[in-house]
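Enquirer: Please find one structure pasted underneath; my questions will follow.
Residue numbers (our numbering), protein chains in the order written: chain A, 15 to 192; chain B, 1239 to 1879.
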């Protein structure tokens, strides 16, 4: 059995770090858009896009909030790009325990970019006049679901390695988390 | 609920090490808005005129503007208000960047500092947690280095830092307060910070700031980003224009003396641009503004620093050197935290005194023979207050009087003890005469700005300019349309031009909008993004206060008169209201004084430049008029004109 190829709209914010001027208008707009009522309050700390900035070192990286992760990475990579050092965290969108980024400042709950659902173009892109952020939609053909065969193979491997009880417990715990 | 502002100030007593979070009176916002308006009121109430600027009793106030942390693009200029060691008068020095909005998100509209810490400290404001911390390890450190160390020490890359360098620690009167790409650099505000034993302020804020009319305000702001970005007359053109001809050919070199017409040519432009391409690393904006008025310079052997505005030329012109010298020495002076406007003039003044034999090898042991060498030598003397540097550190005016031996003659470019832009022009220009004489900022770029400096030669072009001039009140359109080149406008026009120009700065300085988008840029092209007719709407939507152009002008007048009163109480009078003596070659003393009379009269001030009781009371500044009468500044009989 194989999954059916489906057409899907992929929304993409393209980031040109060279064009970022560090103004953080994207953060202002995002935090306002997600306030309730809309635009009633502003707070970059609540923004789902943050600009990782170190002006004297020439680091300007707008970063969109992605998935929440309960565990931080066990190790870190450092990238050297055009003579500048970047921690991999500079490009990582996760809301994770190692940093304050992408967490509600009061509750600590994770924040995640929703591409400003009802807006045609996400607000961060709308206000980024220097052009560091641009928006693109494109259609992609995707397999809708993984084939049951694949799941079966993976699961068998896990059962073989960890035993049925451990897999059952882990499954129960993860499903609860969802 | 308070909109746009937090409703709280942070009061710090550095002598006793106490920190207080104090609720503010909403009524004061209605009267003075915020920024320097409310700061001036605090200074009036708390700092009597006898207080010396570098004494613990002086206050140093960091103010957010009323619109900081709202979505209004370009509202990010932090006002630093205090009394200046350079002038002994009030100073309000501004810096862009991210500091003000961050402070507001931490929950404060102002930081009000007084006292003197027994040892060097820094202030760490992390929302509700405020600590005064030891700064022994930061002593003598450069400003960017200090900020980097604090970010590491406090384990937060998102904090914003304002710091002084060695110049501030040693209370040099040209010492600045530096924040990332911006500086509050005028009149020695850095020296006041140094006198309090305060090396730096680090701030981090993660609180909401609310606005009164969300949807309407956002709609207006969202369209402003594009407008500001596309408007060629907004922002700092010096950051992107490589034709320096206007400045290098017309402004004076050395100690504001020598013009070098024809200095600029194609070959030089190519050389300068080639070097710029090598050392300039990146353009940057300020908080929530799409313009790029600042850029980093990485010059070999120097720490990376930020360059802005006229600093790109001031040192090389003062030293008669090429542009590479400017990039080189800024690497040193930026880290020390020195004003790029005044410092080069002090250095050039010292070189002139040496060449005239007034300063000798005894004052300047081992003084190099080359100009760059001399400048670097003098900078070290000044920031360490070593030998003659201890005298020069007090600025041209004071140094000339301490040195004596005829040095006073070499102080020819100051007004009210402040080094002025090195301009030498032909015939007196009356609006500018009035601005130089009466502006409390004493720096022309902080006073001029809404009305064009000169008329367009073509009458038709003037007509067209006027037709599209939304920023101008009606009466200015007629005056401008009828203004022929090389002619003087009527006295009434000159007075009104001065008044309107300064009024718009008083608006910006209370709400925190940048002069490059507003009060300074209307004179070029007549289309500033912010002006008298759209700002009231922004203020109303952000704060919920009813506002219209007349009301905004009234508040601007109130703030202007309160600032004037602070200076009057410290002794400012008509006798010092003069332009730099040789600013214009052709003067007309009688006509000049007629203009000054007319301006004072228009302002509702006495013939000596003191706001009358009637003027003050009408502006609800009756506490000022009462004080003036009590002190005998206004005799009961002369309380009205």
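Every residue gets a Cβ at the ideal spot worked out from N, C-alpha and C, and that includes glycine.
At a Cβ threshold of 8 Å, is residue 1502 of chain B touching chain A?
Expert: As a position in the second chain, residue 1502 of chain B is number 264, starting the count at 1. Not closer than 8 Å to any Cβ of chain A, the Cβ of residue 1502 of chain B fails to qualify, so no.
Enquirer: Quick one: using the 10 Å Cβ neighbour count with 16 as the cut-off for buried, is residue 1654 of chain B buried or exposed?
Expert: Taking the first residue of the second chain as position 1, residue 1654 of chain B is located at position 416. Residue 1654 of chain B should be labelled buried.
Enquirer: Taking only the alpha-carbon atoms, compute the straight-line gap between residue 1334 of chain B and residue 1423 of chain B and give it to the nearest angstrom.
Expert: In the second chain, the residue the question calls residue 1334 of chain B occupies position 96. In the second chain, the residue the question calls residue 1423 of chain B occupies position 185. Their backbone Cα atoms lie some 11 Å apart in a straight line.
Enquirer: Residues of chain B with a CB under 8 Å from the CB of residue 68 of chain A: which are they?
Expert: Counted from its first residue, the first chain places residue 68 of chain A at position 54. Going along chain B in sequence order, the residues near residue 68 of chain A (Cβ under 8 Å) are 1395.
Enquirer: Looking at chain B, which residues of the region 38 to 60 of chain A have a Cβ within less than 9 Å of any of its Cβ atoms?
Expert: Correct list: 38, 39, 41, 42, 43, 45, 46, 47, 49, 51, 52, 53, 54, 55, 56, 57, 58, 59, 60.
Enquirer: Take residue 1349 of chain B and list the residues in its own chain whose beta-carbon comes closer than 6 Å to its own, dropping the five residues that flank it on each side.
Expert: One-based indexing of the second chain puts residue 1349 of chain B at position 111. Cβ neighbours of residue 1349 of chain B beyond the five flanking positions: 1248, 1300.
Enquirer: In chain A, which residues lie less than 8 Å from residue 1419 of chain B when you measure between Cβ atoms?
Expert: Counted from its first residue, the second chain places residue 1419 of chain B at position 181. Those within 8 Å of residue 1419 of chain B in chain A are 69.
Enquirer: Taking the alpha-carbon positions, what's the residue 1337 of chain B to residue 1752 of chain B distance?
Expert: Walking along the second chain from the start, residue 1337 of chain B turns up at place 99. Walking along the second chain from the start, residue 1752 of chain B turns up at place 514. Going by the C-alpha atoms only, they are around 14 Å apart.
Enquirer: List in chain order: all unbroken alpha helix (DSSP H) runs of 4+ residues lying wholly within the region 1254 to 1309 of chain B.
Expert: The region 1254 to 1309 of chain B contains these whole alpha helix (DSSP H) runs: 1264 to 1270, 1273 to 1284.
Enquirer: Could you list the residues in the region 1510 to 1523 of chain B with a C-beta less than 8 Å from some C-beta on chain A, going in chain order?
Expert: Listed by position along the chain: 1519, 1520, 1521, 1522, 1523.
Enquirer: Are the C-beta of residue 1754 of chain B and some C-beta of chain A separated by less than 8 Å?
Expert: Locating residue 1754 of chain B in the second chain gives position 516, where the first residue counts as 1. Chain A, which has no Cβ nearer than 8 Å to the Cβ of residue 1754 of chain B, makes this no.
Enquirer: Quick one: which unbroken beta strand (DSSP E) runs of 3-plus residues sit fully inside the region 1695 to 1753 of chain B? Chain order, please.
Expert: Taking only runs of at least 3 residues, no beta strand (DSSP E) segment lies wholly in the region 1695 to 1753 of chain B.
Enquirer: Per the contact definition of three or more C-beta pairs closer than 8 Å, is the region 1591 to 1601 of chain B in contact with the region 1632 to 1648 of chain B?
Expert: Taking 8 Å as the limit for Cβ pairs, the verdict is that the region 1591 to 1601 of chain B does touch the region 1632 to 1648 of chain B.
Enquirer: Whole angstroms is fine: what's the gap from residue 1527 of chain B's alpha carbon to residue 1292 of chain B's?
Expert: By one-based count along the second chain, residue 1527 of chain B stands at place 289. By one-based count along the second chain, residue 1292 of chain B stands at place 54. Going by the C-alpha atoms only, they are around 35 Å apart.
Enquirer: Just to confirm the assignment, what range does the beta strand (DSSP E) spanning residue 101 of chain A have?
Expert: Counting from one through the first chain, the residue named residue 101 of chain A turns up at place 87. Segment 98 to 101, the beta strand (DSSP E) holding residue 101 of chain A.
Enquirer: Strictly below 8 Å CB to CB, what residues from chain B border residue 36 of chain A?
Expert: One-based indexing of the first chain puts residue 36 of chain A at position 22. The contacting residues are 1522, 1523.
Enquirer: Taking the alpha-carbon of residue 1926 of chain B as reference, which of B:1659, B:1658, B:1274, B:1685 has the nearest alpha-carbon?
Expert: Outside the shown range of chain B, which is 1239 to 1879, sits residue 1926 of chain B, and nothing can be said about it.
Enquirer: Tell me whether residue 1437 of chain B is buried or exposed, calling it buried when 16 or more other Cβ atoms sit within 10 Å of its Cβ.
Expert: The residue you call residue 1437 of chain B lines up with position 199 of the second chain. Buried is the call here.
Enquirer: Going along chain A in order, which residues have a C-beta closer than 7 Å to the C-beta of residue 1547 of chain B?
Expert: Along the second chain, read from residue 1 onward, the residue named residue 1547 of chain B stands at position 309. By Cβ distance, chain A contributes nothing, its closest Cβ being about 17 Å from residue 1547 of chain B, past 7 Å.
Enquirer: What would DSSP say about residue 1877 of chain B, mapped onto helix, strand or coil?
Expert: What you label residue 1877 of chain B is simply residue 639 of the second chain in a count that begins at 1. Low local confidence applies: a pLDDT of 49 at residue 1877 of chain B is under 50, so the model's placement there is unreliable, with the coordinate-based value given in what follows. Residue 1877 of chain B: coil per DSSP, three-state reduction.
Enquirer: Here's the rule: buried if 16 or more other CB atoms are within 10 angstroms of the residue's CB, otherwise exposed. What is residue 1819 of chain B?
Expert: Taking the first residue of the second chain as position 1, residue 1819 of chain B is located at position 581. The residue in question, residue 1819 of chain B, is exposed, as its Cβ has fewer than 16 Cβ neighbours within 10 Å.
Enquirer: Just tell me which of B:1724, B:1346, B:1786 has its CA closest to the CA of residue 1261 of chain B.
Expert: As a first step, residue 1261 of chain B is located in the second chain; it is residue number 23 there, counting from the start. Considering only alpha carbons, the answer is B:1346.
Enquirer: For the beta strand (DSSP E) that residue 1532 of chain B lies in, which residues bound it at each end?
Expert: Within the second chain, the letter at position 294 stands for residue 1532 of chain B. Residue 1532 of chain B -> beta strand (DSSP E) spans 1532 to 1535.
Enquirer: Give the residues from the region 136 to 149 of chain A that approach chain B closer than 9 Å (Cβ to any Cβ), ordered along the chain.
Expert: Within the region 136 to 149 of chain A, the qualifying residues are 137, 140, 141, 142, 143, 144.
Enquirer: Could you run through the region 109 to 132 of chain A and flag, in chain order, every residue whose CB is less than 7 Å away from some CB of chain B?
Expert: Listed in sequence order: 119.
Enquirer: Residues of chain B with CB under 9 Å from residue 72 of chain A, in chain order?
Expert: Translated into the one-based positions of the first chain, residue 72 of chain A becomes position 58. By Cβ distance, chain B contributes 1519, 1520, 1534, 1536, 1542.
Enquirer: How many Å lie between residue 1312 of chain B and residue 1836 of chain B at the Cα?
Expert: If you number the second chain from 1, residue 1312 of chain B lands on position 74. If you number the second chain from 1, residue 1836 of chain B lands on position 598. Going by the C-alpha atoms only, they are around 35 Å apart.
Enquirer: Would residue 1631 of chain B count as contacting chain A if we go by Cβ distances under 8 Å?
Expert: Counting from one through the second chain, the residue named residue 1631 of chain B turns up at place 393. Output row for residue 1631 of chain B: interface = no.
Enquirer: Less than 8 Å between the CB atoms is what I'm expecting for residue 1428 of chain B and residue 1539 of chain B, so what's the real figure, rounded?
Expert: Taking the first residue of the second chain as 1, we reach residue 1428 of chain B at position 190. Taking the first residue of the second chain as 1, we reach residue 1539 of chain B at position 301. Residue 1428 of chain B to residue 1539 of chain B, Cβ: 25 Å. No contact.
Enquirer: Contact criterion: CB-CB distance below 8 Å. Does residue 1478 of chain B meet it with respect to chain A?
Expert: Counted from its first residue, the second chain places residue 1478 of chain B at position 240. It does not; no Cβ of chain A falls within 8 Å.
Enquirer: Would you check if the region 1260 to 1277 of chain B and the region 1359 to 1373 of chain B touch, i.e. whether three or more CB-CB distances between them fall below 8 Å?
Expert: At 8 Å Cβ cutoff, the stretches do not touch.
Enquirer: Counting only C-beta atoms, is residue 1648 of chain B closer than 8 Å to chain A at any point?
Expert: Counting from 1 along the second chain, the entry for residue 1648 of chain B is found at position 410. Answer no: the Cβ-Cβ gap between residue 1648 of chain B and chain A never drops below 8 Å.
Enquirer: Leaving aside the five residues before and after residue 145 of chain A along the sequence, list all residues of the same chain whose C-beta is less than 8 Å from its C-beta, in chain order.
Expert: As a working mapping, residue 145 of chain A is identified with position 131 in the first chain. 30, 33.
Enquirer: Residues of chain A with CB closer than 8 Å to the CB of residue 1362 of chain B, please, in chain order.
Expert: For the purposes of this step, residue 1362 of chain B is taken as the residue at position 124 of the second chain. Simply none; closest approach about 16 Å.
Enquirer: List the residues that DSSP assigns as beta-bridge partners of residue 1319 of chain B.
Expert: Translated into positions along the second chain, residue 1319 of chain B becomes position 81. Its beta-bridge partners are B:1299, B:1330.
Enquirer: Does any C-beta atom of chain A lie closer than 8 Å to the C-beta of residue 1474 of chain B?
Expert: Numbered from 1 along the second chain, position 236 holds the residue referred to as residue 1474 of chain B. Not closer than 8 Å to any Cβ of chain A, the Cβ of residue 1474 of chain B fails to qualify, so no.
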